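Asks:
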Amino acid sequence: MVDSRTYAFEGTQPTVDDAAAVSREATLVGDVRIDADASVWPGVVLRGDIGPVRVGEQAHIGDNATIHASTLADRVMIGHGAVLNEATVEEGTLIGFNATVNTESTVGAGSVVAAGTVIPDEYDIPPESFARGVPAKITPLEETGVDAKAIFEEFSSGEYTNLAGRHEELFD
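In my numbering, the protein residues as written are 7 to 178.
Shown next as structure tokens:
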């Protein structure tokens with residue numbers, strides 16, 4: 007990763023596992039940690055100033071997402087243009103394109119947040135839920151036709167996981 011888009015904040019530098027793929031066009035500020043086999047795509051901003059940003063193993067953050075003072079567990083997918091502010095996303099969760107997860111909200115493990123959804127401040131989404139709408143309405147996944155595991159496997163493994171490795175010039 008090119009150091010010109012990596013910035014210290016109050017003496018704390020971002021750290022990136024050697025096995026992670028971070029685009030040269032991503033911006034990392036302050037207390038940011040990216041674990042092994044994660045990918046951070048062009049235009050992403052990870053800002054760890056008022057709190058840390060943690061990106062778990064095999065987590066993927068799509069183009070132009072903004073993650074501020076938030077924690078992403080292992081195997082999390084963040085869609086293009088999503089915004090997370092002081093939020094927690096538990097393992098195996100998918101956050102859709104242009105979704106917003108607001109301050110002190112938690113998205114439970116194995117959940118799906120639909121594209122464009124807005125999760126209000128201090129909202130807790132139970133594990134294995136489907137959230138959609140503005141503001142978010144929550145439905146247990148078992149009551150929907152949504153197969154979160156199949157969606158997750160389609161986008162997080164196989165072609166998608168290997169996609170970063172195929173972009174020779176986009177990632178260092």
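Think of the CB as a built atom: it goes at the ideal place given N, C-alpha and C, for glycine as much as any other residue.
Here the structure is a predicted model, which means the values were calculated and not measured.
1. Taking a contact to mean a Cβ-Cβ separation below 8 Å, would you say N104 touches A88 in this structure?
2. With burial defined as no fewer than 16 other Cβ atoms inside 10 Å of the residue's Cβ, what is the status of N168: buried or exposed?
3. Can you tell me which of E16, I56, D153 and L176 puts its alpha carbon nearest to the alpha carbon of E92?
4. Once DSSP output is grouped into helix, strand and coil, what is the label at N168?
5. Please report the distance separating the alpha-carbon of I40 from that of V140.
6. Work out the CA separation of E149 and V8 for me, nearest whole Å.
7. For G114, count the other beta carbons within 10 Å of its own beta carbon; 16 or more makes it buried, fewer makes it exposed. Which is it?
8. What does the alpha-carbon distance come out to for the pair T123 and A170?
9. By DSSP, does F158 sit in helix, in strand, or in coil?
10. Apart from the five residues just before and just after A42, which ones in its own chain have a Cβ nearer than 7 Å to its Cβ?
11. Would you mind giving the Cβ-Cβ distance between G102 and A121, rounded to the nearest angstrom? I have them listed as a contact below 8 Å.
Replies: The relevant details are as follows:
1. yes
2. exposed
3. I56
4. helix
5. 30 Å
6. Annotation note: pLDDT 44 at V8 (below 50); position unreliable, coordinate value reported separately. The straight-line gap from Cα to Cα measures roughly 46 Å.
7. buried
8. 27 Å
9. helix
10. D23, A25, A26 and E63
11. 4 Å
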